[in-house]
Amino acid sequence: MKPTPIWRRLDRLFGSDRVSDVRDELRFHIEARTDDLIAQGWKPDAARMEAERGFGDLLAVQRIGERLGGKMDRRKRMKDYWGDAARDLRYAIRMLSRSPGFALVAIVTLALGIGANTAIFSAIDAVLFRPLPVVDQQHLVIFSWSARHDPKFWGQSDYGDCGEAYHCSVSVPFFQALHAQNSAFSGVAAFAGPLEVDFSGNGPASIARGEYVSGDYFSMLGVKTLMGRALGPADDNPTAPAAIVLNDGYWRRAFGGDRSVLGRAVRLNGVEAVIVGVAQPGFKHLTPGKSLDFFMPLSLANRVRSEWWGTKDRLADPSTFWVVIVGRLKPGVSIAQAQASSTALFRSQVVGNSLFSENDAPALTLVPIQQALSGESGTIAPMLSVIMAAVGFVLLIACANVAGLILARSARRQKEMAMRQALGAGHARIVRQLLTESVLLSLAGGGLGIIFAWLGVRAMTKMVESGFGEPFSFVIEPDMRVLAFTLAVTLVTGILSGLAPTLRGSRSDLTRSLRENVSSIPSGDGGQRIRFGDALVVLQVALSIVVLVGAGLLVRTLLNLQAINPGFDTQNLLLFGINPTMAGYKDQQMMHLYSELQQRFASLPGVVSAAYSDETLLSGGYSADEVHLDGAPPKTNVNTDVLTVGPNFFSAMRIPLLAGRAFNSADFSSGEETNAMVKAADEAAAKAPAGSGAHVAAAQAKSSAPVAPVPVLINETFAHKFFATQNPIGMHMGDAENDDPRVGLQPGYRIVGVTGDTKYRDLKRGIRPTIYTPLVGGHAYFELRTTGDPTALVNAVRNVVVSADSRLPIFDVRTQTEQIARTHFQERLLSRLSSFFAVVATVLACIGLYGLLSYEVAMRTRELGIRMALGAQKRHLMKLVFRHGMFLSLAGLALGMGGAFAVTRFMASMLFNVGANDPATFAAVAALLVLVAMAACGIPALRAVRVDPLVAIRSE
Amino acid sequence: VSEFSRLEFLRGTLDVLILKALVWGPLHGYAITNLIRRQSDDALVLEEGTLYPALWRLESKGLLASEWGLSENNRKAKFYSLTTAGRRHLREEVKTWEAYAAAVAKVLGATQPPLREELG
């Protein structure tokens, strides 16, 4: 083989070319052979032909060569690629471990961004988008009715399954009619609840939540059982032995996962029922966010009843709308067809029962199940979206931060890049190497982010559970899609920020870089890069301002709430509920029980006084009613809150009495008497033929026995609003006047006293006119005023109740302060989470600022040294660095203030007593940021003046 | 060279012959044909078309390396040389081939049938 001439070397300058290689190689063979043959004496043409003949199928061989060549090329490219990648990776690890501070900050920043976002998005996904745990939910519809007017003579109850736009409660007779002729559906099922019932037969009596379901519920939805059987059509028969199916979670919680519960008899409000199964894990309720403890057959509805239900036959009364129907469309049947046929059925039923007239246009709408059953998600979603916005900003800041760090770093490594280029590294190789570094950073951050996400989800679940005081009914798991999304976002950030400077960096003028120590003179190219870094820092500061302002407003909201005077003493107050109606008590028995309990509680050591009422204050619940003021035009009523209370309520709660007197025992006996008469009249009316003589009977009862008006106290607001010019004591008010012909007795009210104002439903709601009426029946919540920690009394209280009647469970045990915290859980969670993210955002922005300035100082070490050697004032040099940092911070501040001004109005509904553009909050945030920014700028500035001129000049 | 003296190549034999031909240094394809022909005293004549796919296959297996160079009469030619792996492969193949050839020779050179019990 001879040495190759130079022009031959250029032959394959642009890489190998397999096709022409093969052709050239074969051509050479033929030519060489031909030459040999000519040398042997052949004629040239004949020699050529002979050479080709001897070779065989030239074209076939050529094709084989091309194919093999292509394969080899690919293999070689792969090998080169992975070899380079491994080298790049080793180099990247070495470079990163040489500056561990940079690597650590970048990785933790990314991890925080990824973790927080994944946790929050997972929560949002669980609350809003998680598919229902049933088979083929896209064919499931909910029945919502509509009409021009409310129906006549009806009772409606719902359990918060449907969104506000729908009326999903219908009567059981309608459900049965639909069930009997459901040509458009492959199945329909009804459910209602959960209803709180007294659950005994498993240790001490407790309150459990049972859902009524029709026999088809399990089979139609495709819900399986973990063990035992599901409820079936046989359970629809009211004479069938009562059977219940436990929720998996309740079975574990209350029965310790005992497999022998099947066949065990329990009592529901005293009605015996047998546990026949445990439902599949993961199925809690059709409505997201609702939970229940067990399923019971709809046919039990007349035996296991709620206190509120009155005397109507829930299974037979067509005017009591209380169950939700879910239907599964038959394949090939459109929603419109099914809607038409079921509307026809609904209309014939309600018109036949004279609930509506034809003119009212009663109709049914079939709503896809996920759209109809919004349940709890309606209240949680807005809260989550605020937090989501905060973490979204944090992720943006994290990305900007890491991009800034990588940029600053690459600026400092310009010399290294120039060196590598000089040593023959190709443009693409340098870009790839730097990319490897940023991708490695992103992946490390992502890995740590997964751990953060997991921890974050657990922490959130715990936080929410402690706030609600019960297991969080949404299942939150770190969502893989969300994780993949956030990982992708950060990876792209890493790649882009790795790419942006390298594209410029690798093009840098290498001789100048090497000769002039570009790192010491930031100009031209370098200056541009710094300006991009500046922009990133300004962005970070601006975003953190937005998060800070949002958090500031939410913290102000919480502080405002806490500063509110509720009008009574909230300290050292133990609250718990008791409901003797579930154990079959009648009103009078209950009153005896309550006064006995009240005495025994009050005599417990550590108890100052005991009281009870039908609601506790600041629980989030309230009742309201209308009254007719004497002298007002007929049928014009005023709306007032109503709280029904027992003896000593005002003194125990420390609500001041402003005029008149508190309730005395005569008030309670008068109230009881009136109550008994009203009830008797109502029952008489209910027994009379429907519609015909109800009001007649009531009128008769009225005329035959005059009824004493109910004694009431009013609050200050009521007195000011309606008795501004008169003394209200001794005044009379009438019951609400309206068109309802089924009016019973109308005893009215007599005002005996005026109390100070208190907050009722929650701290946010303004104080409304309120009347206090004597409690003469029904469930009660006790309030015990204690000398010390109220929770220390819980066991003593339980013992007192058990010794009075072992069938009575106490429930909702909590202190008044816990209750307030729970009622205002949303505000607390929001302010806590948003503060956390605001701190994270601010810290990240400061790291960005600090990092940028530090790099700048490091890059200008030599320049600073020279300036100092030439006699520059230290103060002047400090100012140089400091001023630049503060300029960036103030630019970010201005931008952030504008941004915050624009976006905070979207959270106005979550704020209390503070405007969305509250100047004080904005000013405080600005001041805080300036302080923090000064610290972040000050440290690098100080470092700048500590530069030793000699060392600095020699250093490079 | 008569047609009768051309021996058919057994499968796999070509590979080992190519490797052997390259033991003395890099050669282009045409030189390999000539070398094999001359070294077998014209007994082994390659069908030239089959040589190149075999070369490429060996190259893709990493047993041969190739480089473009100039032939004796200044033509651009592709030269093949043995890689370390190729050398090792050749040694093994030679061993196998010799064992095989010896076994065949033993059978063909036998003068009497094997003993009865040895058949079983």
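So the sequence lines, in the order shown, correspond to chains A and B. Counting from 61, one number per residue, gives the positions in the first sequence under our numbering. Counting from 66, one number per residue, gives the positions in the second sequence under our numbering. The beta carbon of each residue, even a glycine, is placed where N, CA and C say it ideally should be. Since this is a predicted model, take the numbers as computed values, not measurements.
Buried/exposed call for residue i, threshold 16 Cβ in 10 Å
| i | result |
| --- | --- |
| F947/A | exposed |
| M138/A | exposed |
| L599/A | buried |
| I335/A | buried |
| W133/B | buried |
| H89/A | buried |
| N177/A | buried |
| S394/A | exposed |
| L634/A | buried |
| L180/B | exposed |
| I907/A | buried |
| S260/A | buried |
DSSP state of residue i mapped onto helix, strand, coil
| i | result |
| --- | --- |
| Q399/A | helix |
| T178/A | helix |
| L678/A | coil |
| K819/A | coil |
| V364/A | coil |
| T981/A | helix |
| G143/A | helix |
| Y272/A | strand |
| T285/A | strand |
| I304/A | strand |
| L924/A | helix |
| D296/A | helix |
| W311/A | helix |
| L608/A | helix |
| G174/B | coil |
| S729/A | helix |
| F245/A | strand |
Neighbourhood of residue i by C-beta distance below 8 Å, restricted to the same chain and skipping five residues each side
| i | result |
| --- | --- |
| L678/A | P626, T630, K819, Y820, R821, D822, L823, Q876, Q879, I880 and T883 |
| G848/A | N632 and G666 |
| A864/A | L653, E656, L657 and R660 |
| P104/A | T94 and I98 |
| E271/A | F251, A252, G253, P254, L255, H345, L352, F354, F355 and M356 |
| I184/A | A441, L444, S445 and M448 |
| R319/A | M287 |
Bridge-paired residues (DSSP) for residue i
| i | result |
| --- | --- |
| M793/A | L689/A and Y809/A |
| E158/B | Paired residue(s): none; E158/B is not in a bridge. |
| Q216/A | F381/A |
| P834/A | V705/A |
| K141/B | L135/B |
| M356/A | Y272/A |
| W205/A | L424/A |
| V451/A | The partner list for V451/A (beta bridge, DSSP) is empty, contrary to what the question assumes. |
| R327/A | S260/A and E332/A |
Cutoff 7 Å; reference residue i; Cβ partners in own chain excluding five residues on either side
| i | result |
| --- | --- |
| D373/A | N362 |
| D618/A | It is worth fixing the name first, because residue 618/A is Leu in this sequence and not Asp. Only E887, R888 and S891 meet the Cβ criterion. |
| I457/A | Q600, L603, S604, A901, L904 and A905 |
| L291/A | V273, G275, Y277, F278, A303, V305, F355 and P357 |
| V609/A | A960, T964, T981, F982 and V985 |
| Y95/B | none |
Residues of its chain near residue i, where Cβ-Cβ distance is below 6 Å and the 5 sequence neighbours each way are ignored
| i | result |
| --- | --- |
| Y682/A | D701, Y820 and R821 |
Is the number of C-beta pairs between the stretch 371-390 of chain A and the stretch 151-162 of chain A that are closer than 8 Å three or more?
no
How about the stretch 957-968 of chain A and the stretch 606-622 of chain A: do they share at least three Cβ pairs that are nearer than 8 Å?
yes
If you pair each beta-carbon of the stretch 834-852 of chain A with each one of the stretch 641-661 of chain A, do three or more pairs fall below 8 Å?
yes
Can we say the stretch 127-134 of chain A touches the stretch 445-464 of chain A, given the rule of at least three CB pairs closer than 8 Å?
no
Could you say if the stretch 81-101 of chain B and the stretch 979-993 of chain A meet the contact criterion of at least three C-beta pairs nearer than 8 Å?
no
Three-pair Cβ contact test at 8 Å for the stretch 727-740 of chain A versus the stretch 780-787 of chain A:
no
Can you confirm whether the stretch 541-552 of chain A touches the stretch 198-209 of chain A when touching is taken to mean that 3 or more C-beta pairs between the two stretches lie within less than 8 Å?
no
Kindly confirm or deny that the stretch 138-156 of chain A and the stretch 420-431 of chain A touch, where touching means at least three C-beta pairs closer than 8 Å.
no
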